[in-house]
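Enquirer:
Protein chains in written order, with my numbering: chain G, 1 to 111; chain W, 1001 to 1114.
In structure tokens, the structure reads:
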């Protein structure tokens, strides 16, 4: 079983809609979860972190965590064309600080 | 806003040559990392570094790789004898002592081995 799994997409949403990105992880001991945004040819940019079950909101972004289901999601409200990117889910694994990344979900926001 | 910087942005080298990739982490950060991303693949952990020593490394990080913090600001990744399969984007990241797992990435060095 892969440690961090994401649907590779592409996920296409119209401008102004809500984009929903999902991630599952295998390490039940994981305590922190991160969403990064990566534009083509660029480096990962941290957009959200979440540590507790439930929702965490930051502007148009909401991260949702369900540790019992080993599931973390990212909602983007009022999607904009500039949100078109690959969204990476990352989880510290192995008890240390190393991040294990998913393959990423490509989001396309269409005009 | 403080950021991680990396040089060079692009590096082309011949197979078997040594390369050194340089990073300047965020100034008050204590933990440093190297990751790589082969074109079209996911970001992979290489090594973490804390208190002037390697704290964790992956199976990718074999004897051809080494890391060093030669002074108070730079953090380097050396590949002794490059292979074709070392061609990738190499990202440096750093985190502070309080939120160790919250890592901020530099812009990357694109390495092409011919």
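Backbone N, C-alpha and C fix where the C-beta goes; we use that ideal spot for every residue, glycine too.
For residue 1090 of chain W versus residue 1039 of chain W, is the C-beta distance shorter than 7 Å?
Expert: As a working mapping, residue 1090 of chain W is identified with position 90 in the second chain. As a working mapping, residue 1039 of chain W is identified with position 39 in the second chain. No. Outside cutoff.
Enquirer: Please compile the residues from chain W whose C-beta is within a distance smaller than 8 Å of the C-beta of residue 97 of chain G.
Expert: Here residue 97 of chain G is taken as the residue at index 97 of the first chain, counted from 1. Chain W residues near residue 97 of chain G: 1031, 1033, 1048, 1055, 1056, 1095, 1100, 1101, 1103.
Enquirer: Of all Cβ atoms in chain W, is any one closer than 7 Å to the Cβ of residue 52 of chain G?
Expert: Counted from its first residue, the first chain places residue 52 of chain G at position 52. No, its Cβ sits nowhere closer than 7 Å to a Cβ of chain W.
Enquirer: I believe residue 51 of chain G touches residue 88 of chain G by the beta-carbon criterion, under 8 Å. Please report the beta-carbon distance rounded to the nearest angstrom.
Expert: Counted from its first residue, the first chain places residue 51 of chain G at position 51. Counted from its first residue, the first chain places residue 88 of chain G at position 88. About 18 Å; that fails the 8 Å criterion.
Enquirer: Residue 93 of chain G and residue 6 of chain G look like a contact to me (Cβ under 8 Å); what is the Cβ gap, rounded to whole Å?
Expert: As a first step, residue 93 of chain G is located in the first chain; it is residue number 93 there, counting from the start. As a first step, residue 6 of chain G is located in the first chain; it is residue number 6 there, counting from the start. 15 Å between Cβ atoms; not a contact.
Enquirer: What residues from chain G crowd round residue 1024 of chain W, counting only those whose CB sits closer than 9 Å?
Expert: By 1-based counting over the second chain, the position of residue 1024 of chain W is 24. Per Cβ cutoff of 9 Å: no residues; residue 1024 of chain W is ~14 Å from chain G at best.
Enquirer: Hey, is the stretch 1077–1091 of chain W in contact with the stretch 1017–1032 of chain W, meaning 3+ C-beta pairs nearer than 8 Å?
Expert: The stretch 1077–1091 of chain W, when compared against the stretch 1017–1032 of chain W, does touch it at the 8 Å Cβ threshold.
Enquirer: Between residue 32 of chain G and chain W, is any beta-carbon pair separated by less than 7 Å?
Expert: As a position in the first chain, residue 32 of chain G is number 32, starting the count at 1. Chain W, which has a Cβ nearer than 7 Å to the Cβ of residue 32 of chain G, makes this yes.
Enquirer: Between the stretch 15–47 of chain G and chain W, which residues of the former have a C-beta closer than 9 Å to a C-beta of the latter?
Expert: If the cut-off is 9 Å between Cβ atoms, the stretch 15–47 of chain G has 31, 32, 34, 36, 38, 41, 42, 43, 44, 45, 46 near chain W.
Enquirer: Could you give the DSSP three-state label for residue 1070 of chain W: helix, strand or coil?
Expert: Numbered from 1 along the second chain, position 70 holds the residue referred to as residue 1070 of chain W. Note: residue 1070 of chain W maps to coil in three-state DSSP.
Enquirer: What residue does the beta strand (DSSP E) around residue 1022 of chain W start on, and which one ends it?
Expert: Counting from 1 along the second chain, the entry for residue 1022 of chain W is found at position 22. Segment 1019–1024, the beta strand (DSSP E) holding residue 1022 of chain W.
Enquirer: Which residues in the same chain as residue 8 of chain G place their Cβ atom closer than 6 Å to its Cβ, once the five residues preceding and following it in sequence are excluded?
Expert: Locating residue 8 of chain G in the first chain gives position 8, counting from the first residue. Closer than 6 Å at Cβ, skipping near neighbours: 103.
Enquirer: Looking at the structure shown, is residue 1084 of chain W part of a helix, part of a strand, or coil, going by DSSP?
Expert: The residue labelled residue 1084 of chain W in the question sits at position 84 within the second chain. In this structure, residue 1084 of chain W counts as helix in the three-state DSSP scheme.
Enquirer: Interface residues of chain W around residue 49 of chain G at Cβ under 7 Å?
Expert: Along the first chain, read from residue 1 onward, the residue named residue 49 of chain G stands at position 49. The contacting residues are 1102.
Enquirer: Alpha carbon to alpha carbon, what distance is there between residue 1048 of chain W and residue 1024 of chain W?
Expert: As a working mapping, residue 1024 of chain W is identified with position 24 in the second chain. As a working mapping, residue 1048 of chain W is identified with position 48 in the second chain. Near 15 Å, if we compare the C-alpha coordinates of residue 1048 of chain W and residue 1024 of chain W.
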